[in-house]
Structures are given as structure tokens and as C-alpha cells.
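Below is one structure, written out as C-alpha cells; the observations come after it.
Chains as they are written, first to last, in the numbering used here: chain A, 1 to 170; chain B, 171 to 454.
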């Protein structure tokens with residue numbers, strides 16, 4: 001993905017539309033709903049100001065809420081995921097990296113990238129489903145929904161990244 | 171000082187993060203019915219626990235008055251029973267009724283749950299009352315609440331052990347009431363900020379009421395049974411518009427010293443509502 005700002009904006013809008021019109025309507029086996037829009041946050045440059053990352057995360061979730069009639073839930077989950085990004089970058093990246101890079105399979109390597117994105121997704125999906133249920137009334141169902149959605153989203157994001165990788169090589 | 175500013179500036183993202191989390195939570199609670207109800211139930215439970223402690227202490231202070239009131243109530247009931255039994259005996263002799271028609275189902279229409287007021291407010295514009303019984307004890311939304319003296323309010327919200335009641339001293343609660351002997355009915359509305367008086371509105375213009383006439387609930391809803399005492403008329407009717415009159419009613423219930431109340435459970439509420447619904451759909 002090019003780091004040009006209008007590409008980022010297009011990417012931002014594209015992910016919101018995809019989420020609202022397509023992914024949010026998927027309920028695979030009545031459980032799994034993918035939430036791959038957080039991919040946008042994962043792909044922001046590594047040295048970006050943390051406040052800007054937070055604001056973008058919030059806005060991303062907020063716009064999805066706006067179109068999806070789930071006021072605030074995505075915004076909250078996305079904000080917390082955006083906050084966790086910094087720690088994920090600290091924990092799951094190799095040490096010998098340049099000052100500024102875009103997290104991807106290319107820059108981090110496949111294993112590190114999967115861990116990095118997995119950590120963010122895990123937090124995001126967990127917050128999302130916890131807030132959506134808003135109680136521990138049926139923890140087993142909650143856990144199944146959370147884990148199945150996590151796996152589905154993870155696969156989707158890795159596929160995204162794969163396409164992106166090919167695109168970047170050309 | 172400079173260190174402090176530096177520290178805050180360095181960790182500004184934490185503040186920003188909590189601000190955004192706060193905004194999102196605010197959005198969630200304000201715009202999603204389900205999450206909102208969960209939040210309210212949680213809040214009610216917490217606040218209720220606090221009020222429970224204070225009311226536990228307070229209940230001892232009013233014990234003497236409560237006792238006297240109960241004794242008075244019992245004596246009244248007792249004398250009424252005596253009177254009715256006497257009447258019944260007389261009637262059964264004169265009319266020689268062989269058997270009574272068994273309509274016991276009618277009398278099991280209502281059940282009562284005794285509850286204690288643990289938080290009460292009479293000075294606000296929209297007053298609410300909190301009771302120490304909740305959904306665990308069988309309290310549900312839209313149940314009527316009355317005291318030994320008269321009508322109190324309607325349950326609007328329940329948590330496992332507490333419930334919130336919209337008081338009669340709240341313009342949003344308009345129980346249907348009627349004047350004894352005449353049966354013309356209308357909504358009772360609390361308008362002035364005086365906890366002793368309310369207004370019975372939408373009464374027909376041609377009927378004349380007298381000061382001192384008793385007002386009771388009409389029973390035209392699934393909230394209250396018919397005949398729960400409400401108050402007495404204290405002023406002659408005033409014309410509110412072309413078709414209706416209104417009268418000022420002095421309430422029986424003393425909301426300022428309210429302690430013991432009863433919650434009415436109507437057993438065939440679902441049936442009535444179902445019937446109403448089918449009726450409405452058939453008309454459409």
C-alpha cells in the first residue's frame with residue numbers, strides 16, 4: 001500500500017463500505033462475523049503519532065457505527081485496538097528495523113506479521129463481542145462467537161495482506 | 171512543575187485514549203436500548219444497595235407511627251368485616267339464596283407484593299421512588315404501586331433486587347381515575363409542584379361534582395385494580411377547554427412520609443393485553 005495520503009483515505013473509505021455493506025452482514029454458522037476493517041490501523045506507518053493513530057481508530061469505528069446502527073460499539077473496540085497497536089509493535093517485531101516502515105509481510109516477515117496483527121485483532125474482537133453482549137450471561141456462546149470471528153477475520157486479513165504483497169511487488 | 175507538565179505532555183495519549191473510550195461508551199449507552207437497559211439495571215442495583223442501608227436505619231425511627239397506622243387499619247377492616255358479615259347474614263335470610271355462583275377466579279385476579287420505600291423524592295419536577303423488591307421477588311415493569319392510604323405509582327424499571335417507580339408526583343404518570351358514584355373517568359395529572367394535590371382532567375362538562383367526593387382508580391388499565399383510593403375533590407370544576415372540565419384532588423397518600431407500599435400483580439395481564447392487541451389488529 002502506497003503511503004500517499006489520498007491512497008490512505010481511499011483505503012479508509014473502502015474498508016468502511018466493505019464492512020458496512022458486506023462483512024457486517026455475514027454470520028457464518030450463526031456465529032462468526034468478520035471485522036477486518038482494523039487492518040487499516042495495522043497498516044499505518046510505524047512511527048505515526050500515537051494520538052493520530054487513536055483518532056483514526058476512533059473515526060474508523062465511528063463511521064462504521066454510523067452506517068451500521070451499532071452506535072459506539074465499533075468505535076470503542078477500534079479505539080482500544082488502536083491503542084494496543086503501539087504495544088503490539090513493541091512486542092512482536094524484530095529489533096533490527098528502520099525508524100519508519102509500514103508493517104507488512106515484506107518488512108516484518110510472515111511470522112512476526114501474523115503475531116503482530118493477531119494481537120491487535122484479538123483485542124479488537126474481544127472488546128467488540130464483550131460490549132455487544134454486555135454481560136457474561138452465556139460465556140460459552142460469547143467465547144464461540146469471539147473465537148470463530150477472530151479466526152475468520154484473521155484469515156481474511158492474511159488474504160488481504162497476500163494481495164497487497166503481490167500488488168507491491170508489481 | 172515543569173516536570174509535571176512534561177510528564178502530562180509525554181503521556182497525553184493516555185488522556186486522549188480515555189477521552190475516546192469515554193465518548194464511545196457514552197454513545198453506546200445513549201443509543202443502544204439493550205446496553206442502556208443493562209447499564210441502568212447495574213446502576214439501580216448499586217444505588218439501591220446504598221439506599222437500603224440508610225432506609226434500614228430509618229425504618230426503626232418510624233416504627234411507632236407505622237404500628238399505630240397498621241392497628242388503625244386493622245380495626246377499620248375488622249369493623250368492616252363485622253358489618254359485611256351482618257349484612258350477608260341478613261341478606262341470606264331474606265333472599266334465601268341457595269348457593270353463591272362460584273366466581274373465585276375473579277378474586278385471584280390480583281396478587282400483592284409488600285415492599286419498602288428506600289428512596290423517595292417529592293421536590294423535583296419528575297419524581298421517582300425506589301423500592302427494595304425487584305425482579306427476583308416477582309416485580310415486573312408496569313405493575314401498579316399503592317400504599318395503605320392510596321395510589322402511589324407504577325413500576326418503570328426493575329433490577330434483580332430493586333425497582334424504580336414513577337411516582338404520582340410525576341407529570342408523565344397519568345392513571346385513569348373516576349369519581350365514586352358517578353363513574354365519569356379521566357386521567358389524574360400532577361401539575362403544581364405541591365405533593366398534596368393533583369388534578370383530575372377530561373371530565374364531562376355536564377356532570378356536577380361536589381367538594382368532598384372521593385376519587386378512586388377506574389380499573390380501565392392493567393396497572394391498577396378498580397377502586398384503589400386516590401383522594402377527595404377540593405375545588406369545584408374548572409373548564410379547561412370546550413369539552414372538558416378538571417377538578418383539584420387532595421391526595422390520600424402522604425408522599426412525604428411514604429414507607430410501606432404494595433405492588434399489584436395482575437394475574438391475567440397478558441391475556442388482557444393479548445386481547446387488546448388482537449382487537450386492535452382486527453379493527454385495522
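Built from N, CA and C at the ideal position, the CB exists for glycine as well.
Quantities reported herein were computed from a predicted structural model and do not represent experimental measurements.
Discussion item. Using only the alpha-carbon positions, how far apart do residue 271(B) and residue 235(B) sit?
Written reply: Its pLDDT being 48, under 50, residue 271(B) is placed unreliably by the model, and nothing is read from it.
Discussion item. I'd like to check one pair, residue 149(A) with residue 125(A): are the Cβ atoms closer than 7 Å?
Written reply: yes
Item to complete: Compute the Euclidean distance between the alpha carbons of residue 444(B) and residue 450(B), then round it to the nearest angstrom.
Response: 10 Å
Item to complete: Within the stretch 281-365 of chain B, note down every full beta strand (DSSP E) run reaching 3 residues or more, in order along the chain.
Response: 298-301, 314-316, 321-328, 333-337, 346-349 and 355-359
Worksheet item: Roughly how many whole angstroms lie between the Cα atoms of residue 189(B) and residue 87(A)?
Response: 19 Å
Fill in: As assigned by DSSP and simplified to three states, the class of residue 422(B)
coil
Worksheet entry | Cut-off 8 Å between Cβ atoms - residues of its own chain near residue 275(B), not counting five sequence neighbours on either side | Its pLDDT being 47, under 50, residue 275(B) is placed unreliably by the model, and the measurement read from it follows with that caveat. None.
Fill in: Rounded Cβ spacing between residue 163(A) and residue 118(A) (contact assumed at less than 8 Å)
Contact doesn't hold; Cβ gap of about 19 Å is too wide.
Practice prompt. Leaving out five residues on either side along the sequence, give the residues of the same chain with a beta carbon under 7 Å from the beta carbon of residue 152(A).
Written response: 28, 32 and 34
Fill in: Near-chain B residues of the stretch 55-80 of chain A - C-beta to any C-beta below 9 Å
55, 57, 58, 61, 62, 65, 69, 70, 71, 72, 73, 74, 75, 76, 77, 78, 79 and 80
Worksheet item: Using a beta-carbon distance below 7 Å, is residue 47(A) in contact with chain B?
Response: no
Item to complete: Select from 361(B), 398(B) and 237(B) the residue whose C-alpha is nearest the C-alpha of residue 423(B).
Response: 398(B)
Worksheet item: If you draw a straight line from the alpha carbon of residue 232(B) to that of residue 350(B), how long is it in whole angstroms?
Response: 33 Å
Fill in: Separation of residue 439(B) from residue 343(B), as counted between CA atoms
19 Å
Practice prompt. Taking only beta-carbon positions, decide if residue 51(A) is within less than 7 Å of chain B.
Written response: yes
Discussion item. Quick check: is the beta carbon of residue 185(B) nearer than 7 Å to any beta carbon in chain A?
Written reply: no
Worksheet item: Are the CB atoms of residue 429(B) and residue 388(B) nearer to each other than 7 Å?
Response: no
Practice prompt. Could you list which residues in chain A have their beta carbon closer than 8 Å to that of residue 191(B), in chain order?
Written response: 76, 79 and 80
Worksheet item: How would you label residue 207(B), buried or exposed, when you count the other beta carbons within 10 angstroms and need 16 or more for buried?
Response: exposed
Discussion item. Can you pull the chain B neighbours of residue 119(A), defined as C-beta to C-beta under 7 Å?
Written reply: By Cβ distance, chain B contributes nothing, its closest Cβ being about 17 Å from residue 119(A), past 7 Å.
Practice prompt. Could you confirm whether any beta carbon from chain A is found closer than 7 Å to the beta carbon of residue 176(B)?
Written response: no
Worksheet item: CB-CB under 8 Å to residue 199(B), same chain, minus the five flanking residues each way: which ones, in chain order?
Response: 205, 206 and 209
Worksheet item: Could you give the residue range of the beta strand (DSSP E) that holds residue 400(B)?
Response: 399-403
Item to complete: Taking residue 83(A) as the query, report the chain B residues whose CB atoms sit under 7 Å from its CB, ordered along the chain.
Response: 187
Discussion item. Excluding the 5 residues flanking residue 407(B) on each side, which residues of the same chain have their C-beta closer than 7 Å to its C-beta?
Written reply: 373, 379, 415, 416 and 417
Worksheet entry | Exposure of residue 25(A), with buried meaning 16 or more beta-carbon neighbours within 10 Å | exposed
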